[in-house]
Amino acid sequence: MKPLLHDRGVISRYREYLPVTAATPVVSLNEGSTPLIHSPLLSERAERNVFLKYEGLNPTGSFKDRGMTMAMSKAAESGATTVVCASTGNTSAAAAAYAARAGLKCAVILPSGKISMGKLVQAFVYGATVVAIRGNFDDALRLVRELGSDGSVAVVNSINPFRIEGQKTASFEIIDELGDAPEVHILPVGNAGNITAYWKGYREFHAAGKATRLPHMIGFQAAGSAPIFHDRVILEPETAASAIRIGNPASWQGATVAISESRGCIDIVTDEEILEAQAWLAHNEGIFVEPASAASVAGLFKCLASPAPACPLSSVPAGANIVCTVTGHGLKDSDTAMRGRNYAPIEAEADISSVRRALQA
Ligand code: F0G
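For my numbering, add 3 to where a residue sits in the sequence shown, where the first one is 1.
See the structure below:
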C-alpha cells in the first residue's frame, strides 16, 4: 500500500534524525507540522519579529504528541504490552491516544483533583486506566519510576529518552520554516523535558549545517512552582497553570545545560501575569492557549518590561526573530479561562427586536 497522507507525522518527516529503523512500527496521528504564527502586535511591542509556535494544534491538543509518537513506536517495537505515565494532564492524554492507536494498554497516574476536566476526559475516552493519587505530580512520577523498574511496563514520561527525541522535532520545524534558528526562544518549563528537547534539536540542526546560529533559550516557570529558578526542590508547588505544577523536574539537568550553553536564563511569572497573557493572546491575536502555555508570552512581556539580570533579550538586535512556544490548546482547561471572569451570554427572546436590544446593551 502507498504511504497515506495521514501517516506523515514527525517520524516520517525527520526519520534520518530519529532513532528508528525499518523494523520500528510507526505509531502516528500525523502530529507536528504545527503553525508558526507571526504576531504583529507582539512584534511591534518587542521591536523584533515574534512568532508563536502553536502546539495546541497537535492531535491531542499539546506538544506531547511529538514525543509520544516516538515513545509509543519504540514501546511497540520492544514488544511492550502496557505503557504507563505520570502526568499533569497532557502527557496522559497523548499517552492514552497513542496507546489506543498502537493497541497497547495504558495506565496514567495523576495528582487527584489537579487535572483540568478537558485533559481528564481525554484519558478516559482514549481508554486509559486512570489512577488519581493523593499527592502531586512529583509523587506520581516517583511511583511510575517504581512501576517501570521491573521492566513489566514501558514508562512513557520524558525520562524515556525517546520522548525527548520526538519533541526535538519542533526545533527542526522552526529552522525549516524560518531558514535559520531564531535569536531567542521562550517557553514554559515544568518537568523540563521540552526545553531539553528544543535545545537538542537546535544543536543537531546547527551541527547538520541547517542553521547558522543557536538561540538563547529562556524558560519561564510559574512563580509558585519554580524549583529551577530557586535552585531547590519545591515540596508543595502551586499554580493556576496546573500543567506546570511541578516541584522537582525530571529533566532539571537538561534545562540547566540548555540555559547555560545557550547563554539564556530561567525566570518566573506570577499566575496573574500568566492569566493576563492568556486573555491578551485570545483577545488580540485570536489564539486561545492553556494557562501554562501563556507563560511564554507572559515571559516575553516580562523580558521587555522588567528583565531578569541574566535575560539576553536586550542584547538581541531589533529585527531579530523570537519564537514563543505556546504548548497546549485553550480548550484543554476552559474552567480556568472562565474563572474570575464575567463570561455570561446576554439572554434574549428569539425575535429580532430582542436580539437588537441585546446587541446594544
Ligand atoms: N505546557 C504544557 C501545556 C504542559 O502540559 C507542560 C507539561 C509544559 C508546558 C511543560 O513542559 O514538562 O517539558 O517542561 N506537562 C507535563 C504533563 C508535565 O504531564 O502533561 P515540560
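From the three backbone atoms N, C-alpha and C, an ideal C-beta is built for every residue, glycine too.
Integer-rounded CB distance, given that residue j should sit under 8 Å from residue i
| i | j | result |
| --- | --- | --- |
| arginine 69 | glutamate 34 | 6 Å |
| lysine 56 | leucine 39 | 5 Å |
| alanine 195 | proline 218 | Wrong, their Cβ atoms sit about 17 Å apart, outside the cutoff. |
| phenylalanine 291 | alanine 285 | 5 Å |
| leucine 316 | cysteine 327 | Between cysteine 327 and leucine 316 the Cβ distance is about 12 Å, and since that is not below 8 Å, they are no contact. |
| asparagine 139 | alanine 74 | With 8 Å as the limit, asparagine 139 and alanine 74 do not qualify as a contact, their Cβ atoms being about 23 Å apart. |
| serine 337 | glycine 121 | 7 Å |
| alanine 340 | glutamine 281 | 7 Å |
| isoleucine 269 | phenylalanine 232 | 5 Å |
| histidine 332 | glycine 59 | 3 Å |
Close-in-space but distant-in-sequence residues of the same chain around residue i (CB under 8 Å, 5 per side omitted)
| i | result |
| --- | --- |
| valine 158 | Val86, Val87, Cys88, Val147, Arg148, Leu150, Gly151 |
| isoleucine 277 | Ala225, Thr242, Ala243, Ala244, Pro294, Ala295, Ala297, Ala298, Ala301 |
| tyrosine 201 | Gln170, Lys171, Ala173, Ser174, His188, Leu190, Met220, Ala261, Thr328 |
| alanine 137 | It is arginine, not alanine, that sits at residue 137 in the sequence shown. Counting only Cβ-Cβ distances below 8 Å, and skipping sequence neighbours, we find Ser115. |
CB of residue i within 9 Å of CB of residue j, strictly
| i | j | result |
| --- | --- | --- |
| glycine 154 | isoleucine 189 | no |
| serine 90 | leucine 113 | yes |
| serine 65 | alanine 97 | yes |
| glycine 193 | isoleucine 271 | no |
| leucine 45 | leucine 303 | yes |
| isoleucine 325 | alanine 49 | yes |
| arginine 16 | serine 36 | yes |
| glutamate 186 | alanine 323 | yes |
| glycine 288 | serine 42 | It is worth fixing the name first, because residue 288 is glutamate in this sequence and not glycine. The answer is yes: Cβ separation under 9 Å. |
| leucine 107 | alanine 79 | yes |
| proline 230 | asparagine 251 | yes |
Cross-strand partners of residue i (DSSP beta bridge)
| i | result |
| --- | --- |
| cysteine 109 | Val86 |
| alanine 135 | Leu113 |
| threonine 328 | Lys56 |
| cysteine 268 | Ile221 |
| valine 158 | Val87 |
| leucine 39 | Lys56 |
| valine 292 | His332 |
| serine 65 | Gly331 |
Cut-off 7 Å between Cβ atoms - residues of its own chain near residue i, not counting five sequence neighbours on either side
| i | result |
| --- | --- |
| threonine 72 | Gly12, Val13, Ile14, Val30, Ser31, Glu34, Tyr101, Gly169 |
| proline 310 | Leu316, Ser317 |
| leucine 144 | Ala89, Asn160, Ala253 |
| alanine 110 | Thr85, Val87, Ala131, Thr132, Val134 |
| alanine 364 | Ile349 |
| glycine 204 | Lys171, Thr172, Ala173, Ser174, Phe175 |
| threonine 199 | Ile167, Ser254, Gly257, Ala258, Ala261 |
| threonine 215 | Asp183 |
| glutamate 180 | Leu39 |
| arginine 266 | His219, Pro315 |
| alanine 99 | Cys109, Val111, Gln125, Ala126, Tyr129, Gly130, Ala131 |
| alanine 21 | Looking at the sequence itself, residue 21 is leucine, so the reference to alanine does not match. The residues are Ile14, Met73, Glu168. |
| aspartate 141 | Ile249, Gly250, Asn251 |
| alanine 313 | Cys268 |
| proline 62 | Leu32, Asn33, Glu34, Asp68, Ala100 |
6 Å CB neighbourhood of residue i in its chain, flanking five on each side removed
| i | result |
| --- | --- |
| alanine 135 | Leu113, Ser115 |
| alanine 353 | none |
| histidine 9 | Per-residue confidence for histidine 9 stands at a pLDDT of 48, beneath the threshold of 50, marking its modelled position as unreliable; no derived number is given. |
| lysine 67 | Asn93, Thr94, Ala97 |
| arginine 360 | none |
| phenylalanine 165 | Met73, Ala74, Lys77 |
| lysine 117 | Ser245 |
| tryptophan 283 | none |
| valine 319 | Glu186, Val187 |
| lysine 213 | Ile178 |
| phenylalanine 54 | Leu39, His41, Val326 |
Residue-chain proximity (residue i, chain B), Cβ-Cβ < 9 Å
| i | result |
| --- | --- |
| asparagine 93 | Judged by its chain identifiers, the structure shown contains no chain B, having just a single protein chain. |
Residue i beta carbon near the ligand FMN (any heavy atom closer than 8 Å)
| i | result |
| --- | --- |
| threonine 172 | In the structure on display, the ligand FMN does not appear, and the ligands it does have are the ligand F0G. |
In the segment 295-359, which residue ranges form an unbroken beta strand (DSSP E) of at least 3 residues, counting only runs that do not cross its ends?
324-329
Any chance you could list the alpha helix (DSSP H) runs of at least 4 consecutive residues sitting entirely within the segment 221-246, in chain order?
230-233
Which full runs of the alpha helix (DSSP H) of 4+ residues lie inside the segment 133-212, going along the chain?
140-151, 164-170, 172-181, 196-210
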